[in-house]
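Numbering (UniProt numbering), first residue to last: 1 to 489.
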């Protein structure tokens with residue numbers, strides 16, 4: 001569908017919007033993975049009505065533009081869909097007449113959405129030159145991630161959408177993916193595959209011989225001791241209530257910790273553990289990781305910025321990837337494969353007991369969430385869910401749910417800066433507005449080896465105090481043009 005639309009304060013204009021079909025058939029290497037119907041697992045179904053995932057990368061100016069760029073990227077997009085063809089399918093809800101409903105993924109090949117847009121007057125520096133995230137970032141990702149999971153739309157809206165937005169001096173490629181069928185690791189797996197296919201060019205190699213891991217599409221599960229498909233105890237899908245929260249009440253920032261800063265935080269956290277005697281038998285040999293040190297630094301600073309009373313309970317929920325840790329979830333598995341770890345303490349303890357102690361709580365929460373090599377932990381969790389479904393929303397993990405909490409998704413292990421489409425590596429990464437609430441954070445690899453970037457959503461008054469906290473900001477590398485005083489509202 002051709003036409004144009006104005007994208008709010010960002011000035012984004014949609015040039016074209018079309019459905020792209022996957023090239024068929026899948027390459028021979030994926031023949032045994034071929035499937036027509038995918039029965040969603042408990043890890044998928046618990047996210048069936050949460051927002052779509054939205055991630056994207058800012059790239060330098062490509063050597064081509066306009067319709068030529070649109071056609072070239074659309075062609076490589078279709079080739080990537082050939083490998084990830086379930087993403088070109090649709091969800092199907094079956095109301096069974098007995099007070100239950102089932103949801104499955106039908107590999108119908110109906111296509112994924114591909115949007116070409118322009119943002120006249122928007123430069124790369126408008127996105128990168130401030131710690132605050134400008135409104136235009138939400139406009140360079142396709143469709144509203146909350147509307148996409150309405151019960152009325154769930155069977156009609158594509159599972160995958162990509163938007164290519166030409167800026168004055170660069171291009172932003174944003175990918176939007178249904179969280180009911182896959183997680184953020186699968187999204188980046190698709191983007192890694194797409195960028196490699198495009199970089200190699202038309203007809204260079206068979207798409208089954210890429211250096212990027214081939215996708216594992218089948219849900220090969222440990223035990224499969226639940227009904228297939230799993231009946232949800234609702235007569236209609238819309239009876240699964242979605243919590244309401246005010247998305248306008250948060251402010252976003254993007255912070256990068258240099259490799260040197262991360263190294264210092266990690267050494268400080270481990271040193272405090274040893275000096276304070278926390279490294280007892282329970283923690284012997286379990287060093288604090290760089291990411292855990294950064295998250296602990298953030299947790300302590302947010303508690304201060306929120307001005308929480310010392311006795312106030314606070315928590316930090318962390319998403320843990322199960323790939324390679326649980327049978328049936330190999331590194332290339334395409335689906336939802338995450339567990340949630342949760343660290344809890346009072347605000348006074350988080351502040352007074354130091355960085356090392358807070359990091360140790362996070363380390364312990366991650367270790368407890370997935371018992372590597374022991375499939376019983378994951379199997380029992382999914383069996384309980386099939387008997388009594390509970391649905392996950394970001395508001396239930398972050399402070400929008402009523403607790404003084406933080407929740408972090410994504411991972412520094414995901415390949416962001418390797419997504420070179422053939423004209424240079426990405427400049428930076430940004431998320432869309434999906435799954436954002438007060439207390440929600442996402443972590444990414446930074447632009448240089450060892451760097452860690454954190455994208456944080458929090459209330460404006462807390463954000464103002466956070467960026468004024470010298471202890472916290474001393475560890476942050478400011479953008480090239482320095483700290484912009486006024487953020488987006």
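Glycine residues also receive a C-beta, built at the ideal position from the N, C-alpha and C atoms.
- Item | Nearest-angstrom Cα separation, counted from residue 393 out to residue 158 | 21 Å
- prompt: What separation, rounded to the nearest whole angstrom, lies between the Cα atoms of residue 235 and residue 327?
  reply: 33 Å
Within 8 Å, do at least three Cβ pairs link the region 328–346 to the region 176–183?
yes
**Q.** Range of the contiguous beta strand (DSSP E) that encloses residue 19
**A.** 12–20
Does residue 50 pass the burial test, meaning 16 or more other C-beta atoms within 10 Å, or should it be called exposed? buried
- Query: Could you give the C-beta distance for residue 165 and residue 118, rounded to a whole number, given that I count them as a contact under 8 Å?
  - Reply: 7 Å
Using a threshold of 8 Å, state whether the C-beta atoms of residue 366 and residue 358 are closer than that.
no
Could you check how far apart the C-beta atoms of residue 269 and residue 296 are, in whole angstroms? I think they sit under 8 Å. 6 Å
Determine the closest residue to residue 465 out of 276, 306, 433, with distance taken between C-alpha atoms.
306
- Query: Contact between the region 76–96 and the region 107–118: three or more CB pairs below 8 Å?
  - Reply: yes
- Item | Which listed residue (449, 115, 167) has its alpha carbon closest to that of residue 19 | 115
List the endpoints of the continuous alpha helix (DSSP H) containing residue 303. 290–305
Given this structure, state the Cα-to-Cα distance separating residue 95 from residue 123, to the nearest angstrom.
48 Å
In the structure shown, what three-state DSSP assignment does residue 308 receive?
coil
Mind checking who residue 128 pairs with in its DSSP beta bridge? DSSP, once it has assigned bridges, lists no residue as partnering residue 128.
| task | Determine, using beta carbons only, whether residue 229 and residue 389 come nearer to each other than 8 Å. | result | no
- To the nearest whole angstrom, what separates the beta carbons of residue 213 and residue 60, a pair I think is in contact under 8 Å? So it is not a contact: roughly 26 Å between Cβ atoms.
Exercise. Should residue 145 be labelled buried (16 or more other beta-carbon atoms within 10 Å of its own) or exposed?
Worked result: buried
Task: CB-CB length for residue 52 against residue 434, believed under 8 Å - done: 5 Å
Original post:
If you draw a straight line from the alpha carbon of residue 103 to that of residue 477, how long is it in whole angstroms?
Top reply: 45 Å
Can you have a look at residue 419 and say buried or exposed, based on whether 16 or more other CB atoms are within 10 angstroms of its CB?
buried
- Query: Whose CA, out of 471, 168, 69, 299, lies closest to the CA of residue 348?
  - Reply: 299
Practice item. Could you check what DSSP says for residue 283 in three-state terms: helix, strand or coil? Key: Unreliable positioning characterises residue 283 in this predicted model, as indicated by a pLDDT of 47, which lies under 50. The coordinate reading is nonetheless provided below. Three-state DSSP puts residue 283 in coil, outside helix and strand.
C-alpha gap between residue 199 and residue 272, whole angstroms | 46 Å
Quiz item: residue 52 by DSSP, collapsed to three states: which one?
Solution: coil
Can you tell me the Cα-Cα spacing of residue 237 and residue 64, whole angstroms? 45 Å
By a C-beta neighbour count over all protein chains shown, 10 Å radius and 16 as the cutoff for buried, is residue 432 buried or exposed? buried
Exercise for review: Can you give me the Cβ contacts of residue 36 inside the same chain, cut-off strictly under 7 Å, excluding the 5 residues immediately before and after it?
Suggested key: 107
Give the DSSP-derived three-state secondary structure of residue 430 in the structure shown.
strand
message: Between which two residues does the beta strand (DSSP E) holding residue 219 run?
response: Where residue 219 is concerned, there is no enclosing beta strand (DSSP E), given that its DSSP letter is neither H nor E.
When the Cα of residue 315 is compared with those of 451, 455, 343, 353, which residue comes out closest?
343
Q) What beta strand (DSSP E) runs, 3 residues minimum, are completely inside the region 62–109? A) 90–95, 101–106
| query | Are there 16 or more other CB atoms within 10 angstroms of the CB of residue 211, so buried, or fewer, so exposed? | reply | exposed
Among all the DSSP beta bridges, which residues are the ones paired with residue 39?
104
Using C-beta distances below 6 Å, list every residue in its chain close to residue 368, excluding the 5 sequence neighbours before and after it, in chain order. none
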